[in-house]
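Presented below is the structure to which this report refers.
Number of protein chains: 2
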Amino acid sequence: MGTEQILDGLARGDTAALARAISLVENQRDGYERVLSHVHGRLGRRGARRIGLTGPPGAGKSTLAERLVQLFRSRGLTVAVIAIDPTSPFTGGALLGDRIRMESVSLDRGVFIRSMATRGSQGGLATTTEEVADVLDAFGFDRILIETVGVGQTELDIARTAESTVLVLVPESGDGIQTLKAGVMEIADVYVVNKADRPGADKLRQEVEVMLGIRRGNAFRNITPHHRPTPSDRRTVGQSDDKPSQSDRPTVRPSDWEPPVLAAVAVKGEGIAEVADALDRHRASLEATGRLEARRRERLAARTRAVVNRTLRHWIWGDTPAEALLGQALDGMAAGRRNPYEVAAEILDYVKSGATR
Amino acid sequence: MGTEQILDGLARGDTAALARAISLVENQRDGYERVLSHVHGRLGRRGARRIGLTGPPGAGKSTLAERLVQLFRSRGLTVAVIAIDPTSPFTGGALLGDRIRMESVSLDRGVFIRSMATRGSQGGLATTTEEVADVLDAFGFDRILIETVGVGQTELDIARTAESTVLVLVPESGDGIQTLKAGVMEIADVYVVNKADRPGADKLRQEVEVMLGIRRGNAFRNITPHHRPTPSDRRTVGQSDDKPSQSDRPTVRPSDWEPPVLAAVAVKGEGIAEVADALDRHRASLEATGRLEARRRERLAARTRAVVNRTLRHWIWGDTPAEALLGQALDGMAAGRRNPYEVAAEILDYVKSGATR
Numbered sequence: 029m030g031t032e033q034i035l036d037g038l039a040r041g042d043t044a045a046l047a048r049a050i051s052l053v054e055n056q057r058d059g060y061e062r063v064l065s066h067v068h069g070r071l072g073r074r075g076a077r078r079i080g081l082t083g084p085p086g087a088g089k090s091t092l093a094e095r096l097v098q099l100f101r102s103r104g105l106t107v108a109v110i111a112i113d114p115t116s117p118f119t120g121g122a123l124l125g126d127r128i129r130m131e132s133v134s135l136d137r138g139v140f141i142r143s144m145a146t147r148g149s150q151g152g153l154a155t156t157t158e159e160v161a162d163v164l165d166a167f168g169f170d171r172i173l174i175e176t177v178g179v180g181q182t183e184l185d186i187a188r189t190a191e192s193t194v195l196v197l198v199p200e201s202g203d204g205i206q207t208l209k210a211g212v213m214e215i216a217d218v219y220v221v222n223k224a225d226r227p228g229a230d231k232l233r234q235e236v237e238v239m240l241g242i243r244r245g246n247a248f249r250n251i252t253p254h255h256r257p258t259p260s261d262r263r264t265v266g267q268s269d270d271k272p273s274q275s276d277r278p279t280v281r282p283s284d285w286e287p288p289v290l291a292a293v294a295v296k297g298e299g300i301a302e303v304a305d306a307l308d309r310h311r312a313s314l315e316a317t318g319r320l321e322a323r324r325r326e327r328l329a330a331r332t333r334a335v336v337n338r339t340l341r342h343w344i345w346g347d348t349p350a351e352a353l354l355g356q357a358l359d360g361m362a363a364g365r366r367n368p369y370e371v372a373a374e375i376l377d378y379v380k381s382g383a384t385r
Numbered sequence: 029m030g031t032e033q034i035l036d037g038l039a040r041g042d043t044a045a046l047a048r049a050i051s052l053v054e055n056q057r058d059g060y061e062r063v064l065s066h067v068h069g070r071l072g073r074r075g076a077r078r079i080g081l082t083g084p085p086g087a088g089k090s091t092l093a094e095r096l097v098q099l100f101r102s103r104g105l106t107v108a109v110i111a112i113d114p115t116s117p118f119t120g121g122a123l124l125g126d127r128i129r130m131e132s133v134s135l136d137r138g139v140f141i142r143s144m145a146t147r148g149s150q151g152g153l154a155t156t157t158e159e160v161a162d163v164l165d166a167f168g169f170d171r172i173l174i175e176t177v178g179v180g181q182t183e184l185d186i187a188r189t190a191e192s193t194v195l196v197l198v199p200e201s202g203d204g205i206q207t208l209k210a211g212v213m214e215i216a217d218v219y220v221v222n223k224a225d226r227p228g229a230d231k232l233r234q235e236v237e238v239m240l241g242i243r244r245g246n247a248f249r250n251i252t253p254h255h256r257p258t259p260s261d262r263r264t265v266g267q268s269d270d271k272p273s274q275s276d277r278p279t280v281r282p283s284d285w286e287p288p289v290l291a292a293v294a295v296k297g298e299g300i301a302e303v304a305d306a307l308d309r310h311r312a313s314l315e316a317t318g319r320l321e322a323r324r325r326e327r328l329a330a331r332t333r334a335v336v337n338r339t340l341r342h343w344i345w346g347d348t349p350a351e352a353l354l355g356q357a358l359d360g361m362a363a364g365r366r367n368p369y370e371v372a373a374e375i376l377d378y379v380k381s382g383a384t385r
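Structure representation (structure tokens):
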């Protein structure tokens, strides 16, 4: 299926074309930027909302995602799920192949589930995920769930490409305070303590609330005069490529969003409606404060930077003899006669002088 | 302290100069590549070994690191520790400031402890960590421990810049199988089940061994004819920038390294010597198979690519009007008249045409 056929198929709402388009984008094969450029003009036509779902392994994210999908479907919404599969650099594939799941929804034509491997796309995975979400958005899905496993920087960058991020925790994640140590706590818009029927759930909720400074009944809360910045105030998308200039940022009102810490037992379907409600309220807050538009502009700028940087990397290491220069220099480096900084400077000189060729 | 003074100080073994040099490199301030270029000629003079230590929050990595430091010191070795601090994108600083630790060793002049924040260096953190390790290596430390918290892709990329990687797990990390799901299991050279005096430790060890296919007493093991690839066979450093060509890879013998799964109770000092012994054996294996040299070449190539890419990013988004072009295009993108791919192409055209100016 060529690029033209894919574009035609997308316009017709053909699911096979959708799958092809996503593969093209995921693997950055010929024509992928053409597809993305086309797709970009069709974003947001059905008001798709992107929801990030992250948390440590074993927190029950997949179950929560499945329950959310069911809830959205019961409200007549179509749903796409992007599951970022942790991929072993050794096996080159998903370790447990556990994506044979979401059985209750996998035969529903209003649901599209796609796994993405992390293999090979390091450094650009957040951008690629966002681009796949674009394809799904333009195709017309109402909700796009982006699920990542893990609590590292890359996983957070991915979750943050969504407009709302849900962090799922469980009592047995370990000591609450140790979870906080991972430094991932303050990034979410909605917190869910899953498996809330297990011992330690209330304690974990309290710890999270204390950490967020929103402990109910905190006597200091109402007398604290200054604005408490929320994650939404500060966070950026695609940080490595994102240096927002003043022009990127329209004036926005300070957010009054206070991330809720909810309890759920996803496996029993308990607490799911509350999560969906919190997501609706967060969306409304983003719109009311102008933050939705501000973040859309930030994302456009970040995306443009990321595309420039990616294209340059491909350009340098693909078509030009930079790789050959590196190969020639390697023996000298291994023998200690040269170092990577000298060789890099030489390659850069070549690239710059040859840029107009 | 200028670059020259820093270089002089490093040559004299001045710890203050060392701290300055690391700050310079960590923040990529003026002169940092000069320092790195200088440092690069002095790598490996004392045979420094780099050891990565990673695992989920709460696994006891800091305690294990402290015990390893004590052990190395008792053998007369000097030790540097790079602790990658998970940093909240919201607070912009380490969440708990828990690096006031390692009290038993922090006053020892043969020990140097440095925390690095993850803030701001996304996408390049593995490279920056490796460069800081270079400074410590050239300064003359015998052992360099690189400790990361978290089980995400970025953290793994960092741990893998070391020649040997230790993955620390604990029984209460959650269901063993869930930990495996994170896809981080097969990257380590040495596995440590810490807090091994707690319930579930034996079960976790067995699960890890099964997963690695090295379950002791496995009847199939000795009759399996084919070589089982180890993580060391496949892994690369700085993957996003690393596209090894054939010339990067001298011939190496297949590794016969079978990652051990050790038990430890770091807080009591139990099992620490076994970890150190396993690291020595792994080092010997790397040398015997030619893998140490092969990986050194891979790292040199990956570093050169990373430096080229980083310099280009700085060049494009720093000195040239690319940022201004982006700023001008932003309103059009926000209004849907243009898209990031068109704008990126425009910026790239500008960069290419202007490269020789």
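As you go down the protein sequences, you meet chains A and B in turn.
For reference, each letter of the first sequence is one residue, going 29 to 385 in this note's numbering.
For reference, each letter of the second sequence is one residue, going 29 to 385 in this note's numbering.
C-beta: ideal position from N, C-alpha, C; glycine also.
Which residue marks the beginning of the beta strand (DSSP E) containing residue i, and which one marks its end?
i	result
residue 291/B	289-291
residue 196/A	192-197
residue 81/A	77-82
Per the DSSP calculation, residue i is bridged to which residue(s)?
i	result
residue 108/B	140/B and 172/B
residue 218/A	194/A
Using a 10 Å radius around the Cβ and a threshold of 16 neighbouring Cβ atoms, would you call residue i buried or exposed?
i	result
residue 90/A	buried
residue 248/B	In this predicted model, residue 248/B has a pLDDT of only 39, less than 50, meaning its place in the structure is not dependable; the value taken from the coordinates is given anyway. Exposed.
residue 182/B	buried
residue 43/A	exposed
residue 41/B	exposed
residue 142/A	buried
residue 286/B	exposed
residue 66/B	buried
residue 238/B	exposed
residue 162/B	buried
residue 352/A	exposed
residue 342/A	exposed
residue 257/B	Reliability fails at residue 257/B, whose pLDDT of 42 lies under 50, so the model's placement of it is uncertain and no value is given.
residue 152/B	buried
residue 366/A	buried
residue 299/B	buried
residue 103/B	exposed
residue 408/B	This structure cannot speak to residue 408/B, because chain B is shown only from 29 to 385.
residue 196/B	buried
residue 337/B	buried
residue 315/A	exposed
Please list the terminal residues of the continuous alpha helix (DSSP H) segment that includes residue i.
i	result
residue 295/A	Unbroken run through residue 295/A: none, as it is neither H nor E.
residue 89/A	89-102
residue 237/A	229-240
residue 343/A	Premise fails: residue 343/A is in no alpha helix (DSSP H) and is neither H nor E.
residue 71/A	Neither: residue 71/A is in no alpha helix (DSSP H) and is coded neither H nor E.
residue 200/B	Run containing residue 200/B: none; DSSP gives neither H nor E here.
residue 55/B	43-55
residue 156/B	153-167
residue 31/A	31-40
residue 284/A	Looking at the DSSP string, residue 284/A is not in any alpha helix (DSSP H), and its letter there is neither H nor E.
residue 352/B	350-362
Touch test, the stretch 100-110 of chain B against the stretch 153-173 of chain B, Cβ-Cβ under 8 Å, three pairs minimum: Counting Cβ pairs under 8 Å, three or more are found: they touch.
Decide if the stretch 298-315 of chain B is in contact with the stretch 185-194 of chain B; the criterion is three or more beta carbon pairs, one per stretch, under 8 Å apart. Yes, the stretch 298-315 of chain B is in contact with the stretch 185-194 of chain B.
Taking contact to mean 3 or more Cβ pairs, one atom from each stretch, closer than 8 Å, check whether the stretch 371-382 of chain A and the stretch 44-57 of chain B are in contact. With a cut-off of 8 Å, the stretch 44-57 of chain B and the stretch 371-382 of chain A do not count as touching, because too few Cβ pairs lie within range.
Any contact between the stretch 312-331 of chain B and the stretch 349-366 of chain A? By contact I mean 3 or more CB pairs, one from each, below 8 Å. Using a C-beta cut-off of 8 Å, the stretch 312-331 of chain B makes contact with the stretch 349-366 of chain A, since at least three inter-stretch Cβ pairs fall below that distance.
Inter-stretch contact (C-beta, 8 Å, three-pair minimum) for the stretch 76-95 of chain A and the stretch 291-308 of chain A: Flag = yes, the stretch 76-95 of chain A and the stretch 291-308 of chain A touch.
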